[in-house]
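Residue numbering for the sequence shown follows numbering that gives the first Met the number 0, beginning at 0 and increasing consecutively.
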Amino acid sequence: MIYASNWVTADAQILGPLDKYTNTVADFMDRHGYFDSVHEGENASYSLSKGDTYTDRSALLFTAADKQQDYDFNLPLMDVRYNGLPSTITEINWSMPNRFRADFPVLAAAYGSLQGTNGFFFFVTNQPAWESRLGKFAIASPVILGQFPAAALMYRKGLLQPGESVVNASLKIEDILKLRGAPVAAPQNLDEFRAKDIPPGQVLQSNQAKTIDPLAFLVGKVNVNFAKDNPSSQQIELSKYIDRQAKTVRSSTGQLLWNYNKGLVTVNAPQAQGATGFLRTVGELKLDTVQIKSDLDYGAVLLVALDDQPLANSRRMLLQVMSEDQNVGWQTSGSPRKMIQSIGNSPIAVRNLSGQISLQRPDANSLKVTALDWNGYPTSTIGKATQFNLLPDIGYYLIEAGT
């Protein structure tokens, strides 16, 4: 199989659709994407150096990097399906320096499942082992690779439902050849779909869709098709999923909720439940089967079934927890704009994990909780699933019924 990817066009709105159209001759579509912290310095495009400046930035808040707009609703995991072809992202990263990276693996797995993304290639590592220290694009680290077990299970085993197609945009081939652009290149702009009132439960038909509401990607699948004659575009009524006043977006499946006011995403499906973001500000979080309470400023907690059963009656589950990591000796000055005083050295330090977990099921007291080391091997039995405290240095817990 082949794909015909281009790194980037000279003009995303005008040349972008033409580039994508030419790529549809291949077997599948591909692109690259990065989320960063507005990192500046002589070598900032590829490395970390003393004297560089940056601002920690959470993807969950949609904070605009340039400060010239309130929000930037544009993330690299927002995936368009062109002509129904499979789609991959062969380079993706929440690059350093940025303390808010714990959401990355969970978001990729959750919203990749929702949108039907066929594969993610996290960029980059050059060794089959843990990184000794964090660099610009480090992924073999506790915060990224350390969250692969539960995130990969959720994604690869299809523990979340795929979303419905919420946007079907059609582009006339003649128009893109005349460089008239596409509706997906400027997501921060209002468009015809958002400007019109769509009756509840109905769809808007249009042959002049200028842009696509970027929050639609958090609701379901966004499709773009290239047509020869009289293309018609459709978008379902999104107001029942998107609440701009509360700043929340619920997926069409009902299993994902993105709160960009609090900076929190929750996963609540039969076989996968958890949350990522500013956990401390949320306090106690009650999902269908698991209850989470954590004083972590920023982190991720994810519970997945290991036996293909709903968490409500699963006999074997993996709980995964993560916070933040940094090189030992990492030092900065200033706030919120920071200057790197030292990039530090090995090893990588993880902020102490903390919190309380409780499974809300009648047999919770019969479920044993075993702490696992970073290679997945048992270390000690710490209690029952009725309620247990997270240990500061443990990222994985096996929860299982007695034999």
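Positions of the beta carbon are idealized from the N, C-alpha and C atoms, including for glycine.
Bear in mind the structure is a predicted one, so any value in this text is a computation, not a measurement.
Within the same chain, 138, 139 come within 6 Å of residue 124 by CB-CB distance, once the 5 residues on both sides are set aside.
Minimum Cα-Cα distance from residue 242 among the listed residues 336, 136, 218 corresponds to 218. In the DSSP annotation of this structure, residue 147 is not part of any beta strand (DSSP E); the continuous alpha helix (DSSP H) holding it starts and ends at 147 to 155. The continuous alpha helix (DSSP H) containing residue 22 extends over residues 15 to 22. Beta bridge pairing from DSSP links residue 387 with 356.
Counting along the chain, residue 299 sits inside the beta strand (DSSP E) bounded by residues 298 to 304.
No Cβ-Cβ contact shorter than 8 Å links residue 222 with residue 131.
Of all alpha-carbon atoms in 277, 159, 291, 175, the one lying nearest the alpha-carbon of residue 11 is that of 175. Take the alpha-carbon of residue 38 and the one of residue 228: they are about 45 Å apart.
Of all C-beta pairs linking the segment 251 to 258 to the segment 312 to 323, fewer than three are shorter than 8 Å, placing the two stretches out of contact. The alpha-carbon of residue 79 is positioned some 37 Å away from that of residue 353. Under the three-state reduction of DSSP output, residue 91 falls in the strand class. In this chain, residue 173 is not harboured by any beta strand (DSSP E); it is covered by the alpha helix (DSSP H) spanning 172 to 176. With contacts defined as CB atoms closer than 8 Å, residue 226 and residue 177 fail to qualify as a contacting pair. Taken through DSSP and simplified to helix, strand or coil, residue 100 comes out as coil. A Cβ-Cβ distance of about 39 Å is found for the pair residue 24 and residue 299, leaving them out of contact under the 8 Å criterion. For residue 280, the uninterrupted alpha helix (DSSP H) run begins and ends at 278 to 281, by DSSP. Spanning the alpha carbons of residue 248 and residue 263 requires a straight line of approximately 11 Å. Note: residue 292 is bridge-paired with 283, 355 in the DSSP secondary-structure output. Between the C-alpha atoms of residue 346 and residue 232 there is a straight-line separation of about 53 Å. Apart from the 5 residues on each side of it in sequence, residue 142 sits with its Cβ closer than 7 Å to the Cβ of 100, 101, 321, 323, 324 in its chain, given in chain order. DSSP, reduced to helix, strand and coil, places residue 364 within a helical segment of the structure shown. In the structure shown, residue 346 falls within a strand segment according to DSSP collapsed to helix, strand and coil.
The beta carbon of residue 14 sits closer than 8 Å to those of 8, 178, all from its chain and outside the five residues before and after it, given in chain order.
The beta carbon of residue 284 sits closer than 6 Å to the beta carbons of 274, 291 from its chain, once the five residues preceding and following it are set aside; these are given in chain order. DSSP, reduced to helix, strand and coil, places residue 110 within a helical segment of the structure shown. In the three-state DSSP reduction, residue 63 falls in the coil class, being neither helix nor strand.
Secondary structure of residue 377 (DSSP, three-state): strand. Contact check between the segment 355 to 364 and the segment 328 to 341: fewer than three CB pairs, one atom from each, fall below 8 Å, which does not count as touching.
In this structure, DSSP gives residue 237 a state outside helix and strand, which the three-state scheme calls coil. Apart from sequence neighbours up to five positions away, the residues of its chain that approach residue 393 with a beta-carbon distance below 6 Å are 370, ordered along the chain.
The three-state secondary structure of residue 119, taken from DSSP, is strand. Counting every other CB atom within 10 Å of its CB across the protein chains shown gives residue 35 a total of 16 or more, marking it as buried. Here residue 108 has 150, 153, 154 as same chain residues with Cβ atoms under 6 Å from its own Cβ, once five neighbours each way along the sequence are excluded. As the crow flies, the alpha-carbon of residue 146 is around 32 Å from that of residue 68. In this structure, the beta-carbon distance from residue 33 to residue 92 falls below 8 Å.
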